[in-house]
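Before any comments, here is the structure.
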Amino acid sequence: MIDVCVVGIGEYVTGLSGDSAAKSDKSLGVIALSLFEMRDRGLIGEIKLAGRDSKRFELIKEYFDTNMKSFYPSLDVSFEGFPKSGKSDVAYKEAIDSLKTGSAVLIFTPDDTHFEIASYALECGMHTLVAKPLVKTLKEHENLAILAKQKELLLMLEVHKRFDPIYADAKDTIQNFGDFSYFNSYMSQPKTQLDTFASWAGISSDISYYLNSHHVDFLCWSVGDFAKPISVLATASSGVASKKLGRDVEDTITLTVSWENKSGAIGTSIHTASWIAPPSDVHSQQRFFYMGHEGEINIDQAHRGYTQSTDSSGFKSSNPLFMKYTPRDGKFAGQESYGYKSIATFIRSSMKLGEDTTKLSQYNKTLPTIQNTLNVTKILEAGRISLDEKRSVELK
Ligand SMILES: NC(=O)c1ccc[n+]([C@@H]2O[C@H](COP(=O)([O-])OP(=O)(O)OC[C@H]3O[C@@H](n4cnc5c(N)ncnc54)[C@H](O)[C@@H]3O)[C@@H](O)[C@H]2O)c1
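In my numbering, the protein residues as written are 567 to 962.
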């Protein structure tokens, strides 16, 4: 059994966006629900949630009690909230301080806060999971890698696409396609999400960090044994987000990355992310095309050949492979979905490290940890530099 603290009480953790249910495909959230379920099965002890405003917990408790309980009546949805009263930007420190060394900290806060909070969690001796993008700069990535190594702790990046059975099969299949030649990914959010992201969009992060991070990680994972990124050129479209938010914000960012195979052959990847998509049959478009010298793959992760239509919500393409919310006999039945599995893998791995620290080197090979995701941060940071300085960025 392991105790956990989640830092961040926004959409991905609670399912609440602003003061109401997220209008995304995650209205019950992913993190808190997964942890409550693991506590029900005896894997987790205490659950602490750290935000910045104690008043917010009244709303969250009411939301869990009405919405989560209406799906899973017997689920224990209790937690301890920090700050206990008033407001504090560093309530996460109090929450982490109250944990035993070797507990688990999960960080789901805006991108630019990940480094500071993860550093604190590691300093305090906690295994740590950080939402993508792990951090924003190579320097931060390297500093955290050193700290995690010194402290012998697991620092894992939350990239749930790796746990999608179809993406995982594609990664394995790509190993048989010879050199890497070409990759093209697209991912989007509807423009209504710009209201959810209004406090940070175009200020402390961008849509490439937020969404391209997924497929940049997938490609780095897939070709990491035989190709490396050598340069990044980023371009952007604008016009919608700037008008909506009243400041300069890119609508759509495209990263063009050059790769060099060990054989010397050159490959190209193109990663496009947008947050101005119109309403559609899915919340988020997500797809890619991969071409190796000896084979190619197409995956449309948003369309799994499963559609539903109701009087209340109209026509939708469903993807319960990500999060299966529909209960079975009044209980959560999504243990096989990849949103859940990503969290469960981190929790189980952290627990095992409590019994056997030598497993850490194995995790640093097989899981998306700070030790093997440097190229992801390199590419995302180079994309930002390329946009700001209007030039191609060489990767050393
Ligand atoms: N929403 C998704 O679908 C999704 C999916 C995967 C990963 N993520 C990642 O999760 C992170 C959070 O996303 P979200 O959609 O939940 O955002 P959100 O804006 O809904 O929530 C962010 C939360 O962080 C809190 N926060 C900010 N600074 C803090 C601090 N110093 N201490 C404690 N809490 C602080 C805010 O109060 C808010 O509760 C991002 O890094 C994002 O990339 C989101």
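Ideal Cβ positions, reconstructed from N, Cα and C, are used throughout, including at glycine.
- Message: ligand 1 and Glu-655: does any heavy atom of the ligand fall closer than 7 Å to the residue's C-beta?
- Response: Residue identity differs from the one stated: residue 655 is Asp in this sequence, not Glu. Remark: the shortest separation between the CB of Asp-655 and any heavy atom of ligand 1 falls under 7 Å.
- Query: Within this structure, are the beta carbons of Ile-832 and Met-604 separated by less than 8 Å?
  - Reply: Going by C-beta atoms, Ile-832 is not nearer than 8 Å to Met-604.
- Message: Can you tell me whether Thr-667 is helix, strand or coil according to DSSP?
- Response: Coil at Thr-667, not helix or strand.
- Query: Thinking C-beta only, is Leu-713 closer than 8 Å to Leu-688?
  - Reply: Yes, these two residues count as a Cβ contact at 8 Å.
- Message: Only counting the same chain, and skipping five residues up and downstream in sequence, which positions put a Cβ closer than 7 Å to that of His-726?
- Response: Counting only Cβ-Cβ distances below 7 Å, and skipping sequence neighbours, we find Tyr-904, Gly-905 and Ser-908.
- Message: For ligand 1, I want to know if Asp-761 counts as a neighbour, meaning its beta carbon is within less than 7 Å of at least one of the ligand's heavy atoms.
- Response: For ligand 1, not one heavy atom lies less than 7 Å from the Cβ of Asp-761.
- Message: Considering Cα atoms alone, identify which of Val-572, Ile-842 and Met-567 is closest to Gly-617.
- Response: Checking every option, the nearest Cα to that of Gly-617 belongs to Val-572.
- Message: According to DSSP, is Val-959 part of a helix, a strand, or is it coil?
- Response: Residue state, collapsed to three classes: strand.
- Query: Going by other Cβ atoms of all chains shown within 10 Å of its Cβ, with 16 needed for buried, is Asn-864 buried or exposed?
  - Reply: Counting every other CB atom within 10 Å of its CB across the protein chains shown gives Asn-864 a total below 16, marking it as exposed.
- Message: Let me confirm a value: Ser-754 is counted as buried when at least 16 other C-beta atoms fall within 10 Å, else exposed. Which label applies?
- Response: By the Cβ neighbour-count rule, Ser-754 is buried, with 16 or more other Cβ atoms within 10 Å of its own.
- Task: Under 8 Å by Cβ, that's how I've got Gly-871 and Tyr-638 pegged, so tell me the actual separation to the nearest angstrom.
- Result: The C-beta separation of Gly-871 from Tyr-638 comes to about 27 Å, leaving the pair out of contact by the 8 Å criterion.
- Do Arg-618 and ligand 1 come close, with the Cβ less than 7 Å from some heavy atom? Within the chosen limit of 7 Å, ligand 1 reaches the beta carbon of Arg-618 through at least one heavy atom.
- Message: Can you tell me whether Trp-825 is helix, strand or coil according to DSSP?
- Response: Under the three-state reduction of DSSP output, Trp-825 falls in the strand class.
- Can you list, in chain order, the stretches of the alpha helix (DSSP H) that have 4 or more residues and sit fully within the stretch 606-649? Counting only runs of 4 or more, we get 622-629.
- Task: Decide if Phe-881 is buried, meaning its Cβ has at least 16 other Cβ atoms within 10 Å, or exposed.
- Result: Around the beta-carbon of Phe-881, fewer than 16 other beta-carbon atoms lie within 10 Å, marking it exposed.
- Task: Verify the contact flag: Ile-909, CB atom, against every heavy atom of ligand 1, threshold strictly below 7 Å.
- Result: No, the beta carbon of Ile-909 sits no closer than 7 Å to any heavy atom of ligand 1.
- Task: Report the three-state DSSP secondary structure of Lys-882 (helix, strand or coil).
- Result: In this structure, Lys-882 counts as strand in the three-state DSSP scheme.
- Message: Below 8 Å, how does it come out for the stretch 662-670 and the stretch 626-640: are there three or more Cβ pairs, yes or no?
- Response: At 8 Å Cβ cutoff, the stretches do not touch.
- For the alpha helix (DSSP H) holding Pro-731, just list the boundary residues, first then last. Element bounds for Pro-731: 731-740.
- Message: Taking the straight line between their C-alpha atoms, what separation do you get for Asp-791 and Met-567?
- Response: Distance between the alpha carbons of Asp-791 and Met-567: 35 Å.
- Could you tell me whether the stretch 837-857 touches the stretch 692-708, using the rule of 3 or more Cβ pairs below 8 Å? Segments in contact, no.
- In three-state terms, what does DSSP make of Lys-953? Before going further, note that residue 953 is Leu rather than Lys in the sequence given. Note: Leu-953 maps to helix in three-state DSSP.
- Message: Suppose you measure from the CA of Gln-867 to the CA of Asp-783; what does that come to, to the nearest Å?
- Response: Straight-line measurement puts the Cα of Asp-783 at about 15 Å from the Cα of Gln-867.
- Query: ligand 3 heavy atoms versus the CB of Pro-649: any closer than 7 Å?
  - Reply: The ligand content of the structure shown is limited to ligand 1, which means ligand 3 is not among them.
- Item | First and last residue of the uninterrupted alpha helix (DSSP H) at Asn-709 | For Asn-709, the uninterrupted alpha helix (DSSP H) run begins and ends at 704-717, by DSSP.
- Range covered by the alpha helix (DSSP H) that runs through Asp-783: Element bounds for Asp-783: 779-789.
- Task: Return yes when at least one heavy atom of ligand 1 lies under 7 Å from the C-beta of Lys-698, else no.
- Result: For Lys-698, the shortest C-beta to heavy atom distance toward ligand 1 is below 7 Å.
- Consider the C-beta atom of Phe-792 and the heavy atoms of ligand 1; say whether any pair is separated by less than 7 Å. No, the beta carbon of Phe-792 sits no closer than 7 Å to any heavy atom of ligand 1.
- So what does DSSP say about Arg-728, is it helix, strand or coil? It is helical.
- Query: Does the Cβ of Val-573 lie closer than 7 Å to at least one heavy atom of ligand 1?
  - Reply: For Val-573, the shortest separation between its Cβ and any heavy atom of ligand 1 lies below 7 Å.
- Query: What is the DSSP secondary structure of Phe-898, counted as helix, strand or coil?
  - Reply: The three-state secondary structure of Phe-898, taken from DSSP, is coil.
- Query: By Cβ distance below 6 Å, which residues in the same chain neighbour Ser-600 in space, the five residues on each side in sequence not counted?
  - Reply: Closer than 6 Å at Cβ, skipping near neighbours: Tyr-906 and Ile-909.
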